[in-house]
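Each residue of the sequence shown is one higher than the last, beginning at 1 in this note's numbering. Beneath this line is the structure, given in structure tokens, with notes to follow.
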Amino acid sequence: MADRRRRTFDSRDGDAEVVEPLLRAVLSYAPRDESPPPHPSEGITLRAENGSGCIRLELAIAGDLGTGIPGPFGSRFYECGSYEVIVPQRDPHEGALLMIHLLAPQAPHRFEFATSMPPLWSLRLEHDGSVSVLDEVGIAVIFIGRPWAFDGDLQPVHVHYTIENGLLVQNVGVTPDTGYPILIDPDPDAIITGDGRLVTEAWTPRLVVGGIVEDMPPKSLSS
Numbered sequence: 001m002a003d004r005r006r007r008t009f010d011s012r013d014g015d016a017e018v019v020e021p022l023l024r025a026v027l028s029y030a031p032r033d034e035s036p037p038p039h040p041s042e043g044i045t046l047r048a049e050n051g052s053g054c055i056r057l058e059l060a061i062a063g064d065l066g067t068g069i070p071g072p073f074g075s076r077f078y079e080c081g082s083y084e085v086i087v088p089q090r091d092p093h094e095g096a097l098l099m100i101h102l103l104a105p106q107a108p109h110r111f112e113f114a115t116s117m118p119p120l121w122s123l124r125l126e127h128d129g130s131v132s133v134l135d136e137v138g139i140a141v142i143f144i145g146r147p148w149a150f151d152g153d154l155q156p157v158h159v160h161y162t163i164e165n166g167l168l169v170q171n172v173g174v175t176p177d178t179g180y181p182i183l184i185d186p187d188p189d190a191i192i193t194g195d196g197r198l199v200t201e202a203w204t205p206r207l208v209v210g211g212i213v214e215d216m217p218p219k220s221l222s223s
């Protein structure tokens, strides 16, 4: 995997810094030289490799989100009280990425995505938790990976899809032991090391030109 992360970071890059190590790791993995991230209302478009069509997924609440707050590394945060919608900067060729950040137990544990696709296409939930998009003859032409999440203690949180009246619904299964905040659907390339280990609190550098500076307690967007 080519390393295309930014090599510079300045606390003035955005309105605030981010405390949570996992979220900082994801946001710092920003490809260079790209346009600002799209507003969540633009949705995420996934195209069939055979060119037969595409599906567009839009977070149902996206139309109610404002202009958002600029965050580190070209990201944008949309505050919704007990949770945030976060759009990291990302290479346009790799597609958009939308994350949900639950900040407190009173945050919703269910998020609906409206789907737009060609007539006679449909969604099928697979045994492994992923979703296949079927064309008009029932052939799977697009695949949506199963959702995943980590809590504030870097422990996995159970998240699963359901398909309800054409909506793709993301359900978050918290327990009394779940720590907040919970980050849903982070970019795996940003937080998994080459040997398959999850980036942990031991990896919290602030990146600057020419090296790493001592990490000082930053102000959090999520506090």
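Using N, Cα and C, we set each Cβ at its ideal position, and we do this for glycine too.
H101 sits close to L183, with the two beta carbons spaced by under 7 Å. Check the Cα spacing between L59 and each of G179, V169, P188, V174: the tightest is with V169. A Cβ-Cβ separation of about 6 Å places V133 in contact with L123 under the 8 Å criterion. Around I163, the same chain offers L123, L125 as residues with beta carbons nearer than 6 Å, after the five sequence neighbours per side are excluded. Boundaries cannot be given for A48, as no beta strand (DSSP E) includes it and DSSP labels it neither H nor E. If you draw a 10 Å sphere on the C-beta of I55, you find 16 or more other C-beta atoms in it, and that means buried. Below 8 Å, too few C-beta pairs join the segment 102–111 and the segment 68–78 to call them touching: fewer than three. Nearest in C-alpha terms to W121, of all of T178, R47, G81, G129, is R47. Across the structure, S52 and F150 are spaced so that their CA atoms are roughly 35 Å apart. With a beta-carbon spacing of about 6 Å, P88 and L27 fall inside the 8 Å limit used to define contacts. Closest by C-alpha distance to L57, out of S82, V157, M117, S130, is M117.
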